[in-house]
Structure formats: structure tokens, C-alpha cells
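Residue numbers (this note's numbering): 638 to 936.
A quick write-up on the structure given underneath.
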């Protein structure tokens, strides 16, 4: 019998040490790929070239090897493929779906605060709790945009969410298997407002690079944490606008710390390396994340 042509990927950022949450996601991807007779890829999401260092990448790959995460080579490193993301951005801008936005984060917060004070009503926030971009720069004349860009003013490329949604006639759905059986979930990218697609100093964003990478690598199943479920609406929109294939999504539960919060590199939660140095083995890690035995099955 021919192998199921499925492609799974684990895509960490080498900007800190891996913790149990990463271990769960990596092992779950490996288990599901093995069950389906599919391929397993490792992708390094290192668009933040300041925080993602060769030393951290080396430790990440060493930890994954110790964990038994056997992936195909070569490994795709995002920092080596900025041209792919630039091409996608130019395609969107060429269709009038992306525009340069000059407001800083501080200016956005001040705009939101001024609105709330004047109107006595809350300014809308995105699923991450950040103020929605006011989108004032959508109305700038083209000449003014070019003048400010030529003058070296900092800006970000943002998606024109209103125009992007107007382009799509068919319902925007994605298949989600995180709850067991596959269900079609309606995408709601408008909850994010005009999301960032790239910045002047970073020629892509997570949203843009992840959909381009998944398409280029032929990823058929995206298995990642439940915290990224809201982002899938933006990814589904970008796939539709760029004519990219749509993977099946599986958003898994998060591994939480003793305080009930998701584990985080920035908070300094216990790393895999520390657990390993304390004498634990890969099977101990599997047991700690609830994947002892045969692991999870996917519909």
C-alpha cells in the first residue's frame, strides 16, 4: 500500500531554549506523521535575526535530536528565503491589498486612548489584546506615501483587510481536527484589522512567511498550539488571496505552568535542557506531556 502523502512540520523559533510545550508539539507532529506514513519537516522560523542566534539554533537542534525528533533534511531556515516573502508581498501590493502604514505602536495606543476618552467607548482590540490599527494611512494619497517612504520614515506594510474581504465571494473556511472529528471553521480575519505583513527592518511577518512556507514545502497538516487558532483566520485569508493550497489544521491543547499560564521562553519556564541535565530521559518527557504509549491519533 502506498504511503499517505501527508507532510507535517514543526516550526520553532531559535530565540530561546525549548520547553515542555515545544516538546509536546514536536512529539505530536512526529507521532501523527508516523501514524499516517507521512513526512516530517523541521522549519526554523528565524525572521527575527537579532534574537535568533546560531548558538540558540544549535541548542534547539541538539534538544530535538535528544528527544528523538527525526526529521527530513535539509531544514528550511526562513532567514534564507526573504525573497519568497517579498514576492508574495509585492503580489498583494500590486493588487492594491497592501499599503505602507506609518503609525508607530505608541501612536496607535494614543489614538485608541483619545478615542475612548472622547467617545466613552472602548477601542476595538485584536485577539491578542492589542489595539486594532486605525487604518488612517489607507487614505493617504499615493504621492504622500512615496514622499514619506523616500524620506526614510519608519513604516510597516499592512493588509487592507476591508478590500481583501471584498475580493472574496465564497465563504472562507478551514478544516480543524483539534477537537476530534474534522469540522469546517469559518475564518474571521477581520477580527485582526489591518495586520502587519512586513516591516522596513524585517521584510516579512509571521502571518505572511508561514503561509508561503507551508505552500512551498507542501505541508498538508499544520499541528500547532491552541494559542495560534485565531491566527489561522488571517492565514486562510492570505492563502485565498495568493492562490495557495490550504492544509488541514490541528490546534492542540497547551502545556500550562503551575500558575495556569502557557509556558513561555520569555518567562524563563523550565527548559528541556534543564530537565535533561536533571537526569530525565525522552520517555520521561513523553510521559510529562501526556504522550506516553502510542500517542494521539488524528482523524
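All C-beta atoms, glycine included, are put in the ideal place defined by N, C-alpha and C.
This one's a predicted model, so the numbers in the text were calculated from it and none came from an experiment.
Through-space distance from residue j to residue i, alpha-carbon basis
| i | j | result |
| --- | --- | --- |
| residue 699 | residue 747 | 44 Å |
| residue 669 | residue 715 | 24 Å |
| residue 630 | residue 818 | Because residue 630 is not part of the residues shown, which for the chain are 638 to 936, the question remains open. |
| residue 873 | residue 798 | 13 Å |
| residue 685 | residue 807 | 35 Å |
| residue 710 | residue 850 | 15 Å |
| residue 869 | residue 778 | 32 Å |
| residue 647 | residue 662 | 7 Å |
| residue 812 | residue 834 | 24 Å |
| residue 871 | residue 852 | 15 Å |
| residue 783 | residue 855 | 37 Å |
| residue 883 | residue 754 | 42 Å |
| residue 814 | residue 800 | 30 Å |
| residue 899 | residue 694 | 22 Å |
| residue 932 | residue 913 | Legend: pLDDT at residue 932 = 47, less than 50; position of this residue unreliable, no value from coordinates given. |
| residue 927 | residue 796 | 39 Å |
N- and C-terminal bounds of the beta strand (DSSP E) containing residue i
| i | result |
| --- | --- |
| residue 821 | 820–823 |
| residue 916 | Residue 916 -> no beta strand (DSSP E), and no H or E assigned at all. |
| residue 677 | 676–681 |
| residue 617 | Only positions 638 to 936 of the chain appear in the structure, and residue 617 is not among them; the question remains open. |
Span of the alpha helix (DSSP H) around residue i
| i | result |
| --- | --- |
| residue 919 | 919–925 |
| residue 701 | 691–704 |
| residue 872 | 868–879 |
| residue 729 | 719–731 |
Residue i, DSSP secondary structure in three states
| i | result |
| --- | --- |
| residue 934 | Residue placement at residue 934 is poorly supported in this model, since its pLDDT is 46, which falls under 50; the coordinates are not used for a value here. |
| residue 907 | coil |
| residue 802 | helix |
| residue 739 | coil |
| residue 653 | coil |
| residue 669 | helix |
| residue 891 | coil |
| residue 862 | strand |
| residue 885 | strand |
| residue 688 | coil |
Within 8 Å, strictly: CB atoms of residue i and residue j
| i | j | result |
| --- | --- | --- |
| residue 725 | residue 865 | no |
| residue 879 | residue 728 | yes |
| residue 708 | residue 664 | no |
| residue 826 | residue 774 | no |
| residue 888 | residue 643 | no |
| residue 823 | residue 805 | no |
| residue 655 | residue 697 | yes |
| residue 679 | residue 651 | no |
| residue 667 | residue 719 | no |
| residue 881 | residue 848 | yes |
| residue 836 | residue 788 | no |
| residue 769 | residue 759 | no |
Could you name each continuous alpha helix (DSSP H) segment of 4 residues or more that falls completely within the segment 760–847, going from the start of the chain to the end? Qualifying alpha helix (DSSP H) stretches, in chain order: 779–787, 798–804.
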